[in-house]
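Asker: Residue numbers (our numbering): 409 to 824.
All C-beta atoms, glycine included, are put in the ideal place defined by N, C-alpha and C.
(1) Where DSSP assigns a beta bridge to residue 767, which residues make up the other side?
(2) Pick from 535, 471, 599, 500: whose alpha carbon is nearest that of residue 608?
(3) By how many angstroms is the C-alpha of residue 576 removed from the C-alpha of residue 801?
(4) Give me the residue from 693, 632, 697, 647 with the minimum Cα distance to residue 679.
(5) Do residue 611 and residue 533 count as a contact pair if the criterion is CB distance below 8 Å?
(6) Please name the residue in 649, 633, 539, 660 whose C-alpha comes closest to that of residue 616.
(7) Here's a check: name, in chain order, each residue in its chain whose Cβ is nearer than 6 Å to the Cβ of residue 468, leaving out the five neighbours to either side.
(8) Please check the pair residue 815 and residue 603, which I expect to be a contact at CB under 8 Å, by giving their CB distance rounded to whole angstroms.
(9) For the putative contact between residue 580 and residue 563, defined by C-beta atoms under 8 Å, what is the C-beta separation to the nearest angstrom?
(10) Is residue 731 close to chain B? Criterion is C-beta to C-beta, closer than 8 Å.
(11) Skipping 5 residues on each side, what residues in its chain have a beta carbon closer than 7 Å to that of residue 649?
(12) Considering Cα atoms alone, identify which of 484, 809, 560, 636 is closest to residue 714.
(13) Under 8 Å by Cβ, that's how I've got residue 521 and residue 510 pegged, so tell me the actual separation to the nearest angstrom.
(14) Can you have a look at residue 572 and say buried or exposed, based on whether 16 or more other CB atoms are within 10 angstroms of its CB?
(15) Could you check the C-alpha separation between residue 725 and residue 792 for me, to the nearest Å?
(16) Do residue 698 and residue 779 count as a contact pair if the criterion is CB distance below 8 Å?
(17) Going by alpha carbons, who is nearest to residue 435 out of 633, 705, 654?
(18) If you compare alpha carbons, which of 550, 675, 452, 493 is closest to residue 787?
(19) Whole beta strand (DSSP E) runs in the region 423-496 with 3 or more residues, listed along the chain?
(20) Does DSSP put residue 627 in a helix, a strand or coil?
(21) Looking at C-alpha atoms only, which residue of 527, 718, 769 is the closest neighbour of residue 745?
(22) Buried or exposed for residue 620, going by 16 or more other Cβ atoms inside 10 Å?
(23) Within its chain, find whatever has a CB closer than 7 Å to the CB of residue 716; leave out the 5 residues flanking it on each side and keep chain order.
(24) Which word fits residue 505, buried or exposed, when buried means at least 16 other C-beta atoms lie within 10 angstroms of its C-beta?
(25) According to DSSP, simplified to helix, strand and coil, what is residue 545?
(26) Does the distance from the C-beta atom of residue 530 to that of residue 605 stay below 8 Å?
(27) At what residues does the alpha helix (DSSP H) containing residue 823 begin and finish?
(28) So, with DSSP's three-state summary, where would you put residue 736?
Right, dumping it as structure tokens:
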């Protein structure tokens, strides 16, 4: 089968959950004997063109960085690009895929879904971009958004881009009609595909509430790539203190400031290791450093892909304090795979953690509650092994790829 994947970014420059998942899925499908191509624009001239890596064809049309232009162009570039549409149409004509699986269209073009002709098309809704310009249904003040487009969306988008609340209030009125157009355009693109997938049942419920058709919306848990978790050593080194950890983006939406505030309430001998690229959100990282008073807080930078398993296995607990309703928790799944219990916000797909069975849940944003929970774990060190014994592993990427191939075949048969 000839399978084309479309994604907005790729490793190693971008190591977010969507990028890592798309690349590992492509590798897995290629190992199964399928012909696989990834269509992914690039702003680097040295990457532009067609190449092959790990049996996967990479088609990377050049496009100047869409985020470096003036505000209105940047706003439109986030969901529409005529130059990328032309490149993509030429790619479909020349490569002639049997099925197209769209992973993410932000900074690509939402109109790509209409350029396939009769080729069956699948779209995985990895986040809420198709119903929220900020992708996370989270307002700048930390309140969850129901996802119903309104004039408040324009103000939210502006504040989320770093504009002051006062300026956002004034600028939101001229932006509101453009945002309404954007929301309709992007939402319609999701409704034009043959099959919609979500990475968790919780994410599916959000899209159902937003009016998406239940018959075309299926939940498929994203699979884990065990090869990312090499270098794991057991048993963990003996120590007299507890090591908590965080691995991911250093952004306020991830609730890292909540974790730091909670950890400040623990005795000085305990440790919090924070892993993540510090250059992505400099103002937030600066505030985080100023907030961090506990002597055991260590900010250790980004983790190389080949070291993820080793880094996670050194922890007693992984903490995922997200404020937004994540559609899938890749790092939480990886931690469980190496036997590390997860403490997570009781929100979105993180609720797959079974509270008191293989981890613990706390209310999003509740630093005091999280502090009490971590203190309980510090006071009862045997809890770590009890929770680890209750871990139930999620699917691997190989198992999920088998299910996806069956879905692809079913869609192809429907179009014959």
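Answerer: Reading it off the structure:
(1) In the chain shown, counting from the first residue as 1, residue 767 sits at position 359. BP columns for residue 767 point to 750, 763.
(2) Start at 1 with the first residue of the chain shown, and residue 608 comes out as number 200. With respect to the C-alpha of residue 608, the residue from 535, 471, 599, 500 having the closest C-alpha is 535.
(3) Position 393 of the chain shown, counted from the start, is the residue given in the question as residue 801. Position 168 of the chain shown, counted from the start, is the residue given in the question as residue 576. If you take the alpha carbons of residue 801 and residue 576, they lie about 44 Å apart.
(4) By 1-based counting over the chain shown, the position of residue 679 is 271. Residue 647 is the option with its Cα nearest to residue 679.
(5) Working through the chain shown from its first residue, we reach residue 533 at position 125. Working through the chain shown from its first residue, we reach residue 611 at position 203. Yes, the Cβ-Cβ distance between residue 533 and residue 611 is below 8 Å.
(6) Start at 1 with the first residue of the chain shown, and residue 616 comes out as number 208. For the residues 649, 633, 539, 660, the minimum Cα distance to residue 616 belongs to 539.
(7) As a working mapping, residue 468 is identified with position 60 in the chain shown. Take residue 468, set aside five residues on each side of it, and the residues of its chain with a beta-carbon closer than 6 Å to its own are 448, 450, 455, 456, in chain order.
(8) Here residue 815 is taken as the residue at index 407 of the chain shown, counted from 1. Here residue 603 is taken as the residue at index 195 of the chain shown, counted from 1. The C-beta distance from residue 815 to residue 603 rounds to 7 Å, short enough to fall under 8 Å.
(9) For the purposes of this step, residue 580 is identified with residue 172 of the chain shown, where counting begins at 1. For the purposes of this step, residue 563 is identified with residue 155 of the chain shown, where counting begins at 1. That belief holds up - the Cβ atoms of residue 580 and residue 563 are roughly 4 Å apart, short of 8 Å.
(10) No chain B appears in this structure, which consists of one protein chain only.
(11) Within the chain shown, residue 649 is the residue found at index 241, counting from 1. Non-local C-beta neighbours of residue 649 in its own chain, meaning closer than 7 Å and more than five positions away in sequence, comprise 677, 678, 679, ordered along the chain.
(12) Within the chain shown, numbered from 1, the residue matching residue 714 stands at position 306. Residue 636 is the option with its Cα nearest to residue 714.
(13) Here residue 521 refers to the residue found at position 113 of the chain shown. Here residue 510 refers to the residue found at position 102 of the chain shown. Right, the Cβ-Cβ distance comes to about 7 Å (below 8 Å), so this counts as a contact.
(14) Position 164 of the chain shown, counting from 1, holds the residue named residue 572. By the beta-carbon neighbour count (other beta carbons within 10 angstroms, threshold 16), residue 572 is exposed.
(15) As a first step, residue 725 must be located in the chain shown, where it is residue number 317. As a first step, residue 792 must be located in the chain shown, where it is residue number 384. In a straight line, the C-alpha of residue 725 is about 8 Å away from that of residue 792.
(16) As a first step, residue 779 must be located in the chain shown, where it is residue number 371. As a first step, residue 698 must be located in the chain shown, where it is residue number 290. No, these two residues do not count as a Cβ contact at 8 Å.
(17) As a first step, residue 435 must be located in the chain shown, where it is residue number 27. Of the candidates 633, 705, 654, 633 places its Cα closest to the Cα of residue 435.
(18) Along the chain shown, one-based indexing puts residue 787 at 379. Of the candidates 550, 675, 452, 493, the residue whose Cα lies closest to the Cα of residue 787 is 675.
(19) Runs of the beta strand (DSSP E) inside the region 423-496: 443-447, 457-461, 464-468.
(20) As a working mapping, residue 627 is identified with position 219 in the chain shown. Three-state result, residue 627: strand.
(21) Taking the first residue of the chain shown as position 1, residue 745 is located at position 337. Nearest to residue 745 by alpha-carbon distance, out of 527, 718, 769, is 718.
(22) Sequence index remark: in the chain shown, residue 620 carries index 212 (1-based). By the Cβ-count criterion, residue 620 is buried, with 16 or more other Cβ atoms from all chains shown falling within 10 Å of its own Cβ.
(23) On the chain shown, position 308 is the one that residue 716 refers to. The beta carbon of residue 716 sits closer than 7 Å to the beta carbons of 636, 637, 742 from its chain, once the five residues preceding and following it are set aside; these are given in chain order.
(24) Counting from 1 along the chain shown, the entry for residue 505 is found at position 97. By the 10 Å Cβ count, residue 505 comes out buried.
(25) The residue labelled residue 545 in the question sits at position 137 within the chain shown. For residue 545, the secondary structure class from DSSP, reduced to helix, strand or coil, is coil.
(26) Numbered from its first residue, the chain shown carries residue 530 at position 122. Numbered from its first residue, the chain shown carries residue 605 at position 197. Result yes, Cβ atoms of residue 530 and residue 605 sit closer than 8 Å.
(27) Against the chain shown, residue 823 aligns to sequence position 415. Unbroken alpha helix (DSSP H) run through residue 823: 805-823.
(28) Along the chain shown, read from residue 1 onward, the residue named residue 736 stands at position 328. It is coil, neither helix nor strand.
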